[in-house]
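Have a look at the structure below before the remarks.
Number of protein chains: 2
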Amino acid sequence: MKGYNVAVVGATGAVGQTMIKILQERSFPVKKILPLASARSNGHTVDFMGERITVEEAVPAAFEGIDIALFSAGQDVSLNLAPEAVKRGAVVIDNSNAFRMDAKVPLVVPEVNPQDIHRHRGIIANPNCSTIQMVVVLKPIHDRARIKRVVVSTYQAVSGTGLDAIEELKLQTAQLLNGGSPEGRVYPHPIAFNVLPHIDLFDDTGYSKEEWKMIRETKKIMGDENIKVTATTVRVPVINGHSEAVNVETVEKLTAEEARSILAKAPGVKVADDPQNKVYPLPASVSGKNDVFVGRIREDFSIPCGLNMWIVADNLRKGAAYNAIQIAEYMVQNSLI
Amino acid sequence: MKGYNVAVVGATGAVGQTMIKILQERSFPVKKILPLASARSNGHTVDFMGERITVEEAVPAAFEGIDIALFSAGQDVSLNLAPEAVKRGAVVIDNSNAFRMDAKVPLVVPEVNPQDIHRHRGIIANPNCSTIQMVVVLKPIHDRARIKRVVVSTYQAVSGTGLDAIEELKLQTAQLLNGGSPEGRVYPHPIAFNVLPHIDLFDDTGYSKEEWKMIRETKKIMGDENIKVTATTVRVPVINGHSEAVNVETVEKLTAEEARSILAKAPGVKVADDPQNKVYPLPASVSGKNDVFVGRIREDFSIPCGLNMWIVADNLRKGAAYNAIQIAEYMVQNSLI
Numbered sequence: 045m046k047g048y049n050v051a052v053v054g055a056t057g058a059v060g061q062t063m064i065k066i067l068q069e070r071s072f073p074v075k076k077i078l079p080l081a082s083a084r085s086n087g088h089t090v091d092f093m094g095e096r097i098t099v100e101e102a103v104p105a106a107f108e109g110i111d112i113a114l115f116s117a118g119q120d121v122s123l124n125l126a127p128e129a130v131k132r133g134a135v136v137i138d139n140s141n142a143f144r145m146d147a148k149v150p151l152v153v154p155e156v157n158p159q160d161i162h163r164h165r166g167i168i169a170n171p172n173c174s175t176i177q178m179v180v181v182l183k184p185i186h187d188r189a190r191i192k193r194v195v196v197s198t199y200q201a202v203s204g205t206g207l208d209a210i211e212e213l214k215l216q217t218a219q220l221l222n223g224g225s226p227e228g229r230v231y232p233h234p235i236a237f238n239v240l241p242h243i244d245l246f247d248d249t250g251y252s253k254e255e256w257k258m259i260r261e262t263k264k265i266m267g268d269e270n271i272k273v274t275a276t277t278v279r280v281p282v283i284n285g286h287s288e289a290v291n292v293e294t295v296e297k298l299t300a301e302e303a304r305s306i307l308a309k310a311p312g313v314k315v316a317d318d319p320q321n322k323v324y325p326l327p328a329s330v331s332g333k334n335d336v337f338v339g340r341i342r343e344d345f346s347i348p349c350g351l352n353m354w355i356v357a358d359n360l361r362k363g364a365a366y367n368a369i370q371i372a373e374y375m376v377q378n379s380l381i
Numbered sequence: 045m046k047g048y049n050v051a052v053v054g055a056t057g058a059v060g061q062t063m064i065k066i067l068q069e070r071s072f073p074v075k076k077i078l079p080l081a082s083a084r085s086n087g088h089t090v091d092f093m094g095e096r097i098t099v100e101e102a103v104p105a106a107f108e109g110i111d112i113a114l115f116s117a118g119q120d121v122s123l124n125l126a127p128e129a130v131k132r133g134a135v136v137i138d139n140s141n142a143f144r145m146d147a148k149v150p151l152v153v154p155e156v157n158p159q160d161i162h163r164h165r166g167i168i169a170n171p172n173c174s175t176i177q178m179v180v181v182l183k184p185i186h187d188r189a190r191i192k193r194v195v196v197s198t199y200q201a202v203s204g205t206g207l208d209a210i211e212e213l214k215l216q217t218a219q220l221l222n223g224g225s226p227e228g229r230v231y232p233h234p235i236a237f238n239v240l241p242h243i244d245l246f247d248d249t250g251y252s253k254e255e256w257k258m259i260r261e262t263k264k265i266m267g268d269e270n271i272k273v274t275a276t277t278v279r280v281p282v283i284n285g286h287s288e289a290v291n292v293e294t295v296e297k298l299t300a301e302e303a304r305s306i307l308a309k310a311p312g313v314k315v316a317d318d319p320q321n322k323v324y325p326l327p328a329s330v331s332g333k334n335d336v337f338v339g340r341i342r343e344d345f346s347i348p349c350g351l352n353m354w355i356v357a358d359n360l361r362k363g364a365a366y367n368a369i370q371i372a373e374y375m376v377q378n379s380l381i
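The listed protein sequences correspond, in order, to chains L and D. Taking my numbering, the leading residue of the first sequence gets 45, the next gets one more, and so forth. Taking my numbering, the leading residue of the second sequence gets 45, the next gets one more, and so forth.
The following block contains the structure:
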């Protein structure tokens, strides 16, 4: 079997580390792995298939000979280095916001729009974490009943911000338990025992960028500009695993039972829905898993054709690293690389 | 000024303690306070106006000579003892679910439907915590623009469950920070660093009782059966203070600016809405305050007449104890007692 030279840009971050873990778990055909990061990570190492590999500095020349470059080091790094990687012959799968809404760049969730991968010109964008887990569940509903409108409220874990946010949550929590008064450093307000309706920057509409990502990326991935979305995105004191309360209005009527049966057969989805027996997805339980979990599937009695659902996934895996590697796997399987 | 004999049933619980605190803060005209609880609380004391008062057992004879009985000891205690208190001449303000949907019992939020207090027959019901804070904000919007439909997702603090839930959250959090694996005792799953889409019991529709309370109580308090509500209620690892992402569809168009200006003048509401300067209500900040706080007020661009709002309040205060005492104050001011 052919092997690939794979660069991971942002290899010391929460998503980068998860990418390296998943490449091993899934026995991705790696010939050589090249962990890259900023000069700040000089001297760091990562473990891959029993070997300790030194992290190198992410500079243009590093991409010579690379087949696949997985980027997760923020928008600025992607804007600077993704074109350099492409120029040197690599396919870039980019987890940042840099290229997602670029009409020439496919924005892909493999369960939803794998066909879009074929039209790439070097860069394929990985969607925002909270969008990915939602569209995996919306797609089979849309195919059957046509979605008109989505109202989503999120409960997002701090791992989505990065490793320093995980440390901040733990530190602040310990401080509060010991009677202290923590101050936010990563977040604008303390996150311990609190919830912050603030993810990414706000614009003059009063929406945050995270909310606009859910609105715009959903339409692009689903390939349907008619799907209306409104979103409120909220950070909660959870280490890992994003949850979403998703309200959907459809054109055709679906009962909860029909929705459950459609979702039980959907790729990448696991239905966990027996609330009377305390079964519903929980972020602490799905952390470490690749699938998207859905439960609390109920008819919305406030409109003729509506559903409520509770969607949970590991934001570092399906929301980021796993989705990127699924894209790479699709390219390998379809000889696109 | 006339003084009243006030019984607090459930005086050792989270809401009962808050009731006693608020009676003092507001200089409610108390002639005698009588803290009552189950026999389990024998020997407990509460402090009131500098005096240490022994908690007595909640039995029918305890209500002799009581003018106002504030109940917050659960549905069974209310079902058993509220009629006994009324029989002995007391007015009962009941914080349990026992009488809320009884057509003969007023369900009151003083900012919304104070007029309903006048038709009481001895018992006045205090609504569910998550409903109270929502309707305080919905009422002025409804008066101006008529609300058709509400989609609400909640982020509810553990104090709503009681003092043992606060202890469970703290204990589990400390265990997890020290590498342990906590198990739920109060809640069916660990609540530390987790979110549970489960508040109260589920029925065959897949909804929880908490969700039905928000749907049904909203119509009753607002006095309008045409207001459609759907809800997803979720417990989050916050000590005190409920938050809600509320999506509203109205008949008349309201801009975010108009909504903000209506709410700025609304009784019991404080607008905290400048997200670009990191200003929005947070549960950890509103804990200890009596008002309902609203921010993140934005047009919902997915429908012609829609708004998104973020509503936060102290669930022990406005969501329970303060609302009950506001009802008592209204009765005193209007010579209804």
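Glycine included, C-beta positions come from ideal geometry on N, C-alpha and C.
Contact set for residue i: own chain, Cβ-Cβ below 8 angstroms, skip 5 residues either direction
| i | result |
| --- | --- |
| glycine 118(D) | Gly54, Ser140 |
| aspartate 247(L) | Lys253, Trp256 |
Cβ neighbours of residue i in the same chain (closer than 6 angstroms, five flanking residues each side left out)
| i | result |
| --- | --- |
| alanine 364(D) | Val59, Asn139, Cys173 |
| serine 122(L) | Phe115, Asp138, Ser140, Ala142 |
| glutamate 386(L) | Absent from the structure is residue 386(L), since the part of chain L shown begins at 45 and ends at 381. |
| valine 323(D) | Ala316 |
| alanine 129(L) | Phe107, Ala113, Val136 |
| alanine 83(L) | Glu101 |
| lysine 263(L) | Glu269, Ile271 |
Within chain L, the residues that residue i reaches when beta carbons sit closer than 9 angstroms
| i | result |
| --- | --- |
| valine 230(D) | Those do not exist, as valine 230(D) stays about 13 angstroms from chain L at its closest Cβ, beyond 9 angstroms. |
| arginine 193(D) | Ser346, Ile347 |
| lysine 362(D) | None at all; the shortest Cβ gap to chain L is about 17 angstroms. |
Where residue i meets chain D, residues with beta-carbon distance less than 9 angstroms
| i | result |
| --- | --- |
| phenylalanine 337(L) | Ordered by position in chain D, no residue passes the 9 angstroms Cβ test against phenylalanine 337(L), which lies about 11 angstroms from the chain. |
| isoleucine 185(L) | Those do not exist, as isoleucine 185(L) stays about 16 angstroms from chain D at its closest Cβ, beyond 9 angstroms. |
| tryptophan 354(L) | Pro241, Thr276, Val278 |
Proximal chain D residues relative to residue i, where beta-carbon distance stays under 7 angstroms
| i | result |
| --- | --- |
| glycine 332(L) | Simply none; closest approach about 14 angstroms. |
| asparagine 291(L) | Val195, Thr274 |
| threonine 217(L) | Thr217, Leu221 |
| phenylalanine 115(L) | What phenylalanine 115(L) touches in chain D: nothing, since even the nearest Cβ is about 29 angstroms away. |
| lysine 257(L) | Residues of chain D passing the Cβ test: none, with the nearest at roughly 15 angstroms. |
| leucine 207(L) | Residues of chain D passing the Cβ test: none, with the nearest at roughly 16 angstroms. |
Paired residues, beta bridge with residue i - DSSP
| i | result |
| --- | --- |
| arginine 193(L) | Lys272(L), Glu293(L) |
| asparagine 352(L) | Asn291(L), Arg342(L) |
| leucine 114(D) | Val52(D), Ile137(D) |
| lysine 76(L) | Asn49(L) |
| aspartate 91(L) | Arg96(L) |
| phenylalanine 246(L) | Ser252(L) |
| leucine 151(D) | Ala169(D) |
| glutamate 101(D) | Ala81(D) |
7 angstroms CB neighbourhood of residue i in its chain, flanking five on each side removed
| i | result |
| --- | --- |
| phenylalanine 233(L) | According to the sequence displayed, residue 233(L) carries histidine and not phenylalanine. So the list reads Leu240, once near-sequence residues are dropped. |
| lysine 75(D) | Gly47, Tyr48, Asn49 |
Neighbour list for residue i in chain L, Cβ cutoff strictly below 7 angstroms
| i | result |
| --- | --- |
| arginine 342(D) | Thr249, Gly250, Tyr251 |
| isoleucine 243(D) | In chain order: nothing, as chain L lies at least about 11 angstroms away. |
| serine 8(D) | Only positions 45 to 381 of chain D appear in this structure, which leaves residue 8(D) out of reach. |
| glutamine 68(D) | Chain L residues near glutamine 68(D): none, gap ~25 angstroms exceeds 7 angstroms. |
| alanine 328(D) | Pro234, Phe237, Asn238 |
| proline 319(D) | His242, Phe246, Gly250 |
| lysine 76(D) | Residues of chain L passing the Cβ test: none, with the nearest at roughly 36 angstroms. |
Under 8 angstroms by beta carbon: chain L residues contacting residue i
| i | result |
| --- | --- |
| isoleucine 283(D) | Phe237 |
| histidine 88(D) | Correct list: empty, because the minimum Cβ distance to chain L is about 24 angstroms. |
| leucine 298(D) | Per Cβ cutoff of 8 angstroms: no residues; leucine 298(D) is ~14 angstroms from chain L at best. |
For residue j and residue i, the rounded distance between their alpha carbons
| i | j | result |
| --- | --- | --- |
| alanine 218(L) | alanine 236(L) | 9 angstroms |
| valine 336(D) | glutamate 155(L) | 43 angstroms |
| glutamine 200(L) | glycine 312(L) | 20 angstroms |
| aspartate 160(L) | arginine 279(L) | 31 angstroms |
| threonine 198(D) | arginine 165(L) | 43 angstroms |
| glycine 47(L) | isoleucine 210(L) | 35 angstroms |
| glycine 285(D) | serine 331(D) | 6 angstroms |
| alanine 300(D) | valine 194(D) | 16 angstroms |
| lysine 333(D) | leucine 360(L) | 37 angstroms |
Under 8 angstroms from the C-beta of residue i: neighbouring residues of chain D
| i | result |
| --- | --- |
| leucine 182(L) | Within 8 angstroms Cβ-Cβ: nothing; leucine 182(L) doesn't reach chain D, min ~14 angstroms. |
Below-8 angstroms beta-carbon distance, residue i vs any chain C residue
| i | result |
| --- | --- |
| phenylalanine 246(L) | Any reference to chain C falls outside this structure, whose protein chains are L and D. |
Distance cut-off 7 angstroms: residue i Cβ against heavy atoms of the ligand GDP
| i | result |
| --- | --- |
| glycine 57(L) | Ligands are entirely absent from the displayed structure, and the ligand GDP is therefore not among its contents. |
Go through the stretch 273 to 350 of chain D residue by residue and report every complete run of the alpha helix (DSSP H) that reaches 4 residues or more, in order. Unbroken alpha helix (DSSP H) stretches of 4 residues or longer found wholly inside the stretch 273 to 350 of chain D: 300 to 308, 327 to 330, given in chain order.
Segments of 3+ residues assigned as beta strand (DSSP E) that fall wholly inside the stretch 158 to 210 of chain D: Correct list: 167 to 169, 191 to 199.
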